Amino acid sequence: MEEQLLGSCMRLILIDGLTANNISKFNTKVEALMESDMQFTEVVLDLVNIRNIDSMGVTFVIGLYKKMENQGKAFSVSGASDDIVSLFKLMKLDQFFEMNL
Amino acid sequence: MPYHILIADDATMNRSLIKNILSKSLVGAEFSEAINGEEVLAAVQYSQIDLIILDLIMPVMDGFQTLRWLKKHPEFHDIPVIVNSAITEIKSIEETLKEGAVDYFTKPLSPNDMEIILPLKAKNALLLYEQQRTIIALNRQISEELKNANTFANIMLPKEGGFRRVDLFMKYHPSLGVGGDFFDCVELDGRIHFMVADVTGHGIAAGMAASMVKVLYRKTIEKEGILPSEILHDMNCAIFEMFDFAGKDNYLVFTAFVGIIDGETLYYANAGQPYPLIYREASKSFHEVKENGFLVGILNHIHYETRQTDFRKGDMVFLYTDGLFCAGEGNDFTGWEKVCMMSKHFDHVAGENPKEFLEEVFYAFYMFHKASKLDFTDDVAMMLIRKK
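Dropping the structure here:
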């Protein structure tokens, strides 16, 4: 997971698949980010490199959304493939956060 | 228990020398002796041997043959063998190590060999063997636990017979571990309640969560006249009321499809479960139920919606978990389209023989995965409910 801070927007770019074996690594990164002194009001999860996702991956995205919501930060997903968008729509996640191409 | 070391050498002096060296560093160890390979085979069969010091050139059965025999027999192939030989050619050393010897030293022994090298090699080999045995014992215990957990998961599945208003057909293919798939079908107050759910993640935690889902579901449907959306809502709220995940709030999250057959109406609500299919007896064909919905257990006070449709004699609802189409590492996760396609392909079979339909769909996906050099990696559960 790569972090890019552009103004007040933190872009989290995922490189490895959103699957069970990577989730613990992503969570550690997110926890470290939240504890850091970086200032941002918006988080964008960039999924442009992601082809694989499983149920743990979906719960990671929702968990991240919840964390940001609790802290009053905006959250959105960008670059998700058509298949990932279909999966998120099946779970009505599009009603909770924006999904940009 | 003290270590038991077998020294195989046809020369009495060599056996005595090695025994003297090792007994100084391995206090309390027991020693046995063999003068050829046949005596080694007899020793390992009749007593617990922890280490063999093996000479290569011996009468009757030499060290090479003995080593090969030991490595071919699973009950003995883990016993560490250190080869002790006068043969110094690298070819011989390479061959014995390739055959599975853990170490090799050459005769005659130098003072350093006697005082330092041989005792250390023996100690390392014994330690490694002990660790191997611990791992094997733990693996055996875990396999046994998983077997019990799988049996338990099977017990939780609904049984095919015994319904007055529907026929139930099931196909369940458990994965090696414990999964979080869950099916239920129960007749209550003249209504048929059913649910398919899939807890996120795999393994023991998901299996435990699936058992909780069953209890929660059965408790929730006791409420008279309850609708599918209310079942999902109540279960979702109950999770937040009952469990304290101490900030880790993704432990009991699942997708679910809940239905109720009441007379000639099917009521249903979806919570992120891959789209089920309805078979219409009138048209003898399958139709997808394209209903979306939020997962259960991740946000409190979520609103679910109940839909309804006619459900007449001979109509069927086909439910499945994503283990059917999602093999490998998180790929093909939108494979419900393939399930729809295959179901439509086999709809003539479904009408005549629902059990065979489930087998055909399962086999079709088995072949899909096989073509991609994959196999089912998660539990596969399919359920077909036909109105009588």
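Protein sequences appear in the order of chains A and B. Using the numbering used here, the letters of the first sequence correspond one by one to residues 205 to 305. Using the numbering used here, the letters of the second sequence correspond one by one to residues 1493 to 1880. Cβ coordinates follow ideal geometry from the N, Cα and C atoms, glycine included. In this text the structure is predicted, and so the values were computed from the model without any measurement.
Counting only residues of its own chain and dropping the five nearest sequence neighbours on each side, residue 1673 of chain B has a CB closer than 6 Å to the CB of 1690, 1813, 1871 and 1873.
The CB of residue 1692 of chain B comes closer than 8 Å to the CB of 259, 260, 262 and 263 in chain A, given here in chain order. Judged by DSSP secondary structure, residue 1762 of chain B falls outside any alpha helix (DSSP H) and instead within the beta strand (DSSP E) spanning 1757–1763. Only residues of its own chain outside the window of five on either side were considered, and among them 205 and 264 have a CB closer than 7 Å to the CB of residue 230 of chain A, listed in chain order.
Inter-segment contact for the segment 1711–1728 of chain B and the segment 1786–1803 of chain B is present: three or more beta-carbon pairs are separated by less than 8 Å. In this structure, B:1496 is the residue among B:1692, B:1496 and B:1576 with its C-alpha nearest to the C-alpha of residue 1539 of chain B. Our two residues, residue 1828 of chain B and residue 1834 of chain B, have alpha carbons roughly 10 Å apart in a direct line.
As computed with DSSP, residue 1803 of chain B is found in no beta bridge at all.
Under a criterion of Cβ atoms nearer than 9 Å, no residue of chain B is adjacent to residue 250 of chain A; the nearest Cβ is some 18 Å distant. Look at the segment 1567–1620 of chain B and you find these whole runs of beta strand (DSSP E), each 3 residues long or longer: 1573–1577 and 1595–1598. Taking a contact to require three or more Cβ pairs closer than 8 Å, the segment 1575–1592 of chain B and the segment 1553–1560 of chain B qualify as touching. Taking 8 Å as the cut-off between beta carbons, the residues of the segment 1784–1796 of chain B near chain A are 1784, 1785, 1786, 1787, 1790 and 1791, in sequence order.
Within the segment 280–296 of chain A, those residues whose Cβ lies closer than 9 Å to any Cβ of chain B are, in chain order, 286, 287, 288, 290, 291, 293, 294, 295 and 296.
For the segment 265–277 of chain A, residues whose beta-carbon sits nearer than 8 Å to a beta-carbon of chain B comprise 266, 267 and 270. Judged by DSSP in its simplified three-state form, residue 1718 of chain B adopts coil rather than helix or strand. Under the three-state reduction of DSSP, residue 1775 of chain B is assigned to coil, being neither helix nor strand.
Minimum Cα-Cα distance from residue 1766 of chain B among the listed residues B:1498, B:1776, B:1528 and B:1780 corresponds to B:1780. For residue 236 of chain A, no chain B residue has a Cβ inside 7 Å of its Cβ, as the nearest lies near 16 Å away. The alpha-carbon of residue 1653 of chain B is positioned some 59 Å away from that of residue 1616 of chain B.
According to DSSP, residue pairing for residue 1769 of chain B in a beta bridge involves B:1780 and B:1810. Close CB contacts of residue 1552 of chain B within its chain, under the 7 Å cut and outside five residues either way in sequence, are with 1528, 1529 and 1530 (chain order). Using a Cβ-Cβ cut-off of 7 Å, residue 1825 of chain B counts as an interface residue toward chain A, since at least one Cβ of chain A sits closer than that to its own. When rounded, the separation of the alpha-carbon atoms in residue 1744 of chain B and residue 1708 of chain B is 12 Å. Distance from the CA atom of residue 1641 of chain B to the CA atom of residue 1664 of chain B, rounded to whole angstroms, is 15 Å. Around the CB of residue 1647 of chain B, fewer than 16 other CB atoms lie within 10 Å, so the residue is classed as exposed. Inter-segment contact for the segment 1621–1629 of chain B and the segment 1834–1853 of chain B is absent: fewer than three beta-carbon pairs are separated by less than 8 Å.
The secondary-structure analysis by DSSP pairs residue 1873 of chain B across a beta bridge with B:1664. In terms of Cβ geometry, residue 246 of chain A and residue 278 of chain A form a close pair [threshold 7 Å].
Contact annotation for residue 1745 of chain B against chain A: 259, 262, 263 and 266 [CB-CB distance below 9 Å, chain order]. The contact set of residue 1699 of chain B on chain A, defined by CB atoms closer than 9 Å, is empty, because the minimum CB distance reaches about 14 Å. In this structure residue 1520 of chain B is exposed. Its beta-carbon is surrounded by fewer than 16 other beta-carbon atoms within 10 angstroms. When DSSP states are grouped into helix, strand and coil, residue 1728 of chain B belongs to the helix group.
Taking the Cα positions, residue 1581 of chain B is about 53 Å away from residue 222 of chain A.
For residue 1862 of chain B, the number of other beta carbons within 10 angstroms of its own is below 16, and it is reported as exposed. Contact between residue 237 of chain A and residue 281 of chain A does not hold, since their C-beta atoms are separated by about 17 Å, which reaches or exceeds 8 Å. For residue 1526 of chain B, the uninterrupted beta strand (DSSP E) segment begins and ends at 1522–1526.
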